[in-house]
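S.K.:
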Amino acid sequence: MPVRAFHFLFLAALPAFALVYTALGAPPAAAQELPSSRVFVPAPPKGKGDKCIADKDFMRRNHMKILEHQRDQTVYDGVRIKRTSLKECVACHVVNGPDALPLTSESPKYFCRVCHDYAAVKVDCFECHVSRPPVAKAAGLPAGEKERDALASFLKEGRQ
Ligand code: HEC
Ligand code: HEC
Ligand code: HEC
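Just so it is clear: in the sequence shown, position 80 is 104 by our numbering, and no numbers are missing.
(1) To the nearest whole angstrom, what separates the beta carbons of L127 and V114, a pair I think is in contact under 8 Å?
(2) Which runs of the alpha helix (DSSP H) at least 4 residues long sit entirely within the segment 58-107? Give them in chain order.
(3) Mark S177 as exposed unless 16 or more other C-beta atoms lie within 10 angstroms of its C-beta, in which case mark it buried.
(4) Please name the residue, chosen from V65, E151 and P122, that lies closest to S129 on a Cα-to-Cα basis.
(5) Return the first residue and the last residue of the alpha helix (DSSP H) that D141 is part of.
(6) Would you tell me roughly how many angstroms separate the C-alpha atoms of C116 and G71, rounded to the nearest one?
(7) CB of F82 to nearest heavy atom of ligand 3: below 8 Å?
(8) In whole angstroms, give me the CA-to-CA distance for A124 and D74.
(9) Under 7 Å Cβ to Cβ from I77, same chain only, skipping five residues before and after it: list those, please.
(10) For V147 and Y100, I'd like the C-alpha separation in whole angstroms.
(11) Using the rule of at least 16 other Cβ atoms within 10 Å of the residue's Cβ for burial, across every protein chain shown, is T46 buried or exposed?
(12) Looking at the strands, I want to know which residues DSSP matches up with P126.
(13) Can you say whether Y142 is buried or exposed, counting buried as having 16 or more other CB atoms within 10 angstroms of its CB?
(14) Suppose the cutoff is 6 Å on Cβ atoms and the five residues either side in sequence are ignored; what does the same chain contact list for V138 look like?
Right, dumping it as structure tokens:
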């Protein structure tokens, strides 16, 4: 099946997840009426842009399913969907440290960790995946020779 068809199927499945969630998992009305200030929820730093790839509440509850779904498609079927890739999460959810450079998942202030530390969730994702966008792009620093060459040929290809 072509990648676009997968993409379509995946996007089409998102509202279905939401419906299933609402039907099975939504808290009873009474719980929803509690003033939100009484329910402690960690406040992770806001991502870039005005919205996530899906509704914020949906993301809170389902981001792990989205990531697992995407990983299975990539690893087992060789399908790569840019919009839901972990690289994209990391790029939009970059948090800068005091030196204005993006923090890595080593920092407790790292986007994913603000919640995970609170909820005592541990993920091993960043043992293999890089946890921040490429430095040259993120910070506009003078890159090393190799990186400059790669950047130059990338820009050249982009113009063709
Ligand atoms: C285009 C930029 C962008 C991308 C790509 C993106 N996000 Fe987001 N994300 C945001 C923004 C902006 C918000 C805050 C939305 C709001 O306040 O309504 C957000 C919110 C969230 C939240 C809820 C945070 C909270 O405050 O409760 C989670 C969880 C999340 N994103 C995870 C992910 C994951 C996982 C991925 C990759 C699959 C991803 N995001 C990709 C921009 C992005
Ligand atoms: C042992 C190393 C390893 C660990 C740990 C790991 N991954 Fe991956 N992951 C890979 C490799 C290798 C690929 C395939 C990369 C490719 O072909 O693009 C991949 C692909 C993915 C993809 C699809 C490609 C992309 O960029 O979106 C996602 C999503 C993903 N992994 C999420 C996760 C998440 C979430 C975790 C943690 C729960 C995790 N991975 C842990 C090695 C790892
Ligand atoms: C709004 C808070 C919040 C943010 C932000 C957040 N997570 Fe989570 N995440 C959770 C919670 C809570 C769980 C545990 C859910 C459960 O156990 O049902 C979880 C679970 C996961 C799991 C499944 C772990 C397991 O052992 O089953 C993965 C994978 C994951 N998150 C990846 C990420 C990544 C990658 C990011 C950053 C891009 C991220 N999360 C950001 C709250 C968050």
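Even for Gly, the Cβ is constructed at its ideal location relative to N, Cα and C.
In this text the structure is predicted, and so the values were computed from the model without any measurement.
M.R.: Per the coordinate set shown:
(1) Start at 1 with the first residue of the sequence shown, and residue 127 comes out as number 103. Start at 1 with the first residue of the sequence shown, and residue 114 comes out as number 90. The Cβ separation is near 11 Å, so there is no contact.
(2) Those alpha helix (DSSP H) runs which fall completely within the segment 58-107 and span 4+ residues are 80-101.
(3) On the sequence shown, position 153 is the one that residue 177 refers to. Label assigned to S177: exposed.
(4) To locate residue 129, count along the sequence shown from 1; it is residue 105. Minimum Cα distance to S129 is reached at E151.
(5) Start at 1 with the first residue of the sequence shown, and residue 141 comes out as number 117. From DSSP, the alpha helix (DSSP H) with D141 extends over F135 to A143.
(6) For the purposes of this step, residue 116 is taken as residue 92 along the sequence shown, with counting starting at 1. For the purposes of this step, residue 71 is taken as residue 47 along the sequence shown, with counting starting at 1. Straight-line Cα distance between these residues: approximately 5 Å.
(7) Translated into the one-based positions of the sequence shown, residue 82 becomes position 58. Not under cutoff, so the answer is no.
(8) On the sequence shown, position 100 is the one that residue 124 refers to. On the sequence shown, position 50 is the one that residue 74 refers to. Roughly 21 Å between the two C-alpha positions.
(9) The residue labelled residue 77 in the question sits at position 53 within the sequence shown. So the list reads R107 and T108, once near-sequence residues are dropped.
(10) Translated into positions along the sequence shown, residue 147 becomes position 123. Translated into positions along the sequence shown, residue 100 becomes position 76. Looking at the two C-alpha atoms, the distance is approximately 21 Å.
(11) Locating residue 46 in the sequence shown gives position 22, where the first residue counts as 1. Reliability fails at T46, whose pLDDT of 47 lies under 50, so the model's placement of it is uncertain and no value is given.
(12) In the sequence shown, residue 126 corresponds to position 102, counting from 1. Answer is N120.
(13) For the purposes of this step, residue 142 is taken as residue 118 along the sequence shown, with counting starting at 1. Counting Cβ neighbours within 10 Å, Y142 comes out exposed, since fewer than 16 surround it.
(14) Counting from one through the sequence shown, the residue named residue 138 turns up at place 114. Only P66 and P68 meet the Cβ criterion.
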